[in-house]
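First comes the structure, then the notes that go with it.
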Amino acid sequence: SLIQAFVSLAPSPDDLRVYMAAFHKQNKQKGKGHSVRCIQRKRSTTGVDGEMISALDISNVDSIDKVYRILTEHMKLGEINPKACECMRCYFEGNQSLQEGEPSQAITLYDQALSAVEQQPSQPLPKGSILMKRARAYLKRASNHRTTLQTLVNDLAETVPSASTMKILYQSALAHPAISTPIFNRVAENSKVQQAKFRQIRYRHDMYEFALLHAVQDSLQATQILPWKAKAWLLAGECLAELRKLEESNQYYQRALEIDPSMEQTLRGVMEKNRVSQEFMDAARASGFSGDTLRLALDVAA
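Just so it is clear: in the sequence shown, position 245 is 248 by my numbering, and no numbers are missing.
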């Protein structure tokens, strides 16, 4: 993200080149941010770095504001596009919110970052990376919905009487007609409570799937923008798997493998699990389970 910030905020791609560098532990400054070395060189027409004029080391670079100051005050590259700065600031803050377990806040910030991208189509802003991060945020939101969903299902299960309990109530009503009406009224009242709880479950499951649909949409769009990036295809496969689109998931995993064969050991097991799960779902549907019921059961059990 730091490299993306320098590239995206530079007034012109010819103004600077950005390289990753490794620092020895004993030379690394304390602080949560990165260390940046700014080297001014003479311009070269050959594509090779020109002669060095000056150098400056800056530590603890952990925000867009600091990147902005480096570009304008230390490197004196001129005016920075304010929309590009807004985009990258929202992107960085969204990443921070996601790390802190606040997916809804992260999604709002990523929305703002992407809005700024659309207003600056000629600026080299990292739209694909922002979409991938927003997909991750939607996955986290979906996970939170699923946790709530499982709690609601457990709560409902505690209110549903067992078959043996219902049998005892029925036999008591038959043996003692005087109390049959109160018994049946109580059962009816409990049934209304259970129906209300089930509606909450369906609503929460809809919210869960809605978040997953957004995650899938963002991740698929990211593969179109970053077709060479294996992690984009990997993320799309993960999102599709969460949505129970297992065959499609394996297709995206396969593409990730083609780009980065080092994922072989990890993904082969995941793809085999998808294949087995798909066979189970096909068998369940053939036995009469509806798609909605099957998805709800699997999502609660996950």
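Virtual Cβ for every residue (Gly too), placed ideally from N, Cα, C.
First through last residue of the alpha helix (DSSP H) which encompasses residue i
i, result
"T162", "130-162"
"H208", "183-228"
"W231", "It is not in any alpha helix (DSSP H) - W231 carries neither H nor E in the DSSP assignment."
"M266", "No alpha helix (DSSP H) holds M266; DSSP gives it neither H nor E."
"P106", "106-122"
"Q174", "166-178"
"K79", "Note, K79: premise wrong, no alpha helix (DSSP H); not H, not E."
"D65", "Counting along the chain, D65 falls outside any alpha helix (DSSP H), and DSSP gives it neither H nor E."
Collapsed DSSP secondary structure at residue i in the structure displayed
i, result
"L101", "helix"
"N320", "Residue 320 falls outside the range modelled here, since the chain spans only 4 to 305, and no answer is possible."
"R278", "helix"
"Q7", "helix"
"K28", "The pLDDT assigned to K28 is 45, lower than 50, so where the model puts this residue is not dependable, and the model offers no usable value."
"Q254", "helix"
"R40", "strand"
"L246", "coil"
"F292", "coil"
"D285", "helix"
"L12", "helix"
"V96", "Here residue 96 turns out to be Glu, not Val, going by the sequence shown. Helix at E96."
"E54", "coil"
CA nearest to the CA of residue i, picked from the options
i, options, result
"L12", "A87, Q43, A119", "A87"
"L128", "Q102, Q7, A181", "Q7"
"S107", "A145, S132, N157, S265", "A145"
"F283", "K234, W231, L249, S132", "L249"
"Y71", "C90, P185, Q203, S57", "C90"
"I67", "I56, V10, K79", "V10"
"S194", "V163, Q227, D65, Y211", "V163"
"A259", "L101, A233, E82", "A233"
"L216", "A109, R139, T151", "R139"
"L59", "K69, I73, D65", "I73"
"V273", "Y113, T111, E261, E241", "E241"
"C93", "E76, A119, E103", "A119"
In DSSP terms, what residue i is bridged to
i, result
"D60", "R40"
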